[in-house]
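Heads up: the sequence shown is residues 374 to 498, going by my numbering.
Notes to accompany the following structure.
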Amino acid sequence: MDWNIFDRAAWIGLLIASATCVGSCSAPQKRLTFTEAKICRAQGGYESRAPFGSPFCQFRYSDAGKACSAKADCQGRCLYSLDGQSNEAKVGDVVAGQCEAERSTFGCYGTVEGGKLATDEGCWD
374 MDWNIFDRAA WIGLLIASAT CVGSCSAPQK RLTFTEAKIC RAQGGYESRA
424 PFGSPFCQFR YSDAGKACSA KADCQGRCLY SLDGQSNEAK VGDVVAGQCE
474 AERSTFGCYG TVEGGKLATD EGCWD
């Protein structure tokens, strides 16, 4: 077999890629285990899915969506959504916050303190 430098590089790349997936590239767990689900419900939570499909115990806040100007106004955090905003606010800008809906919030947002955008945290999924 005549191996040129490109063939060798391709095979080495394939071997490295396959070796890095051993034990870490499996499909996500489909559901919480029976025990995990039972504990979750006992704590007032429910089974949810992360954006990539992994199950986890989620908790909803009763003040979800309420207008806020700081964390003190909410059970969770006071957030400003950055999802789909054409004119994104900058840190220090006056913004209208909303109390986050659930303990684990996915999407693009920043935190609000004193009625102003305190952090531009970015996107979480």
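Glycine included, each C-beta is placed from N, C-alpha and C at the ideal position.
Measure the C-alpha to C-alpha separation of residue i and residue j and round it to an integer number of angstroms.
i      : j      : result
Val468 : Ala462 : 8 Å
Asp436 : Cys447 : 7 Å
Phe429 : Thr478 : 12 Å
Leu490 : Ala445 : 15 Å
Phe407 : Arg414 : 11 Å
Thr492 : Val464 : 6 Å
Arg422 : Gln416 : 17 Å
Gln402 : Gly418 : 18 Å
Which same chain residues end up closer than 7 Å to residue i when comparing Cβ atoms and leaving out the 5 residues on each side of it in sequence?
i      : result
Gly449 : Tyr434, Cys472, Glu473, Arg476
Gly487 : Ser442, Ala443
Assuming residue i and residue j form a contact by the criterion Cβ under 8 Å, report the distance between their Cβ atoms to the nearest whole angstrom.
i      : j      : result
Gly470 : Leu452 : 6 Å
Spatial neighbours of residue i within its chain, please: CB distance less than 6 Å, with the 5 preceding and 5 following residues excluded, ordered by chain position.
i      : result
Cys481 : Leu455, Asp456, Cys496
Does residue i pass the burial test, meaning 16 or more other C-beta atoms within 10 Å, or should it be called exposed?
i      : result
Gly426 : exposed
Gly483 : buried
Assuming residue i is part of the beta strand (DSSP E), what are its boundary residues?
i      : result
Cys430 : 428 to 431
Cys472 : 470 to 472
Cutting at 8 Å between CB atoms, please list the residues of its own chain near residue i, excluding the five before and the five after it.
i      : result
Glu420 : Arg404, Leu405, Ala410, Cys413, Pro428, Phe429, Cys430, Gln431
Lys439 : Asp446, Cys447, Gln471, Cys472
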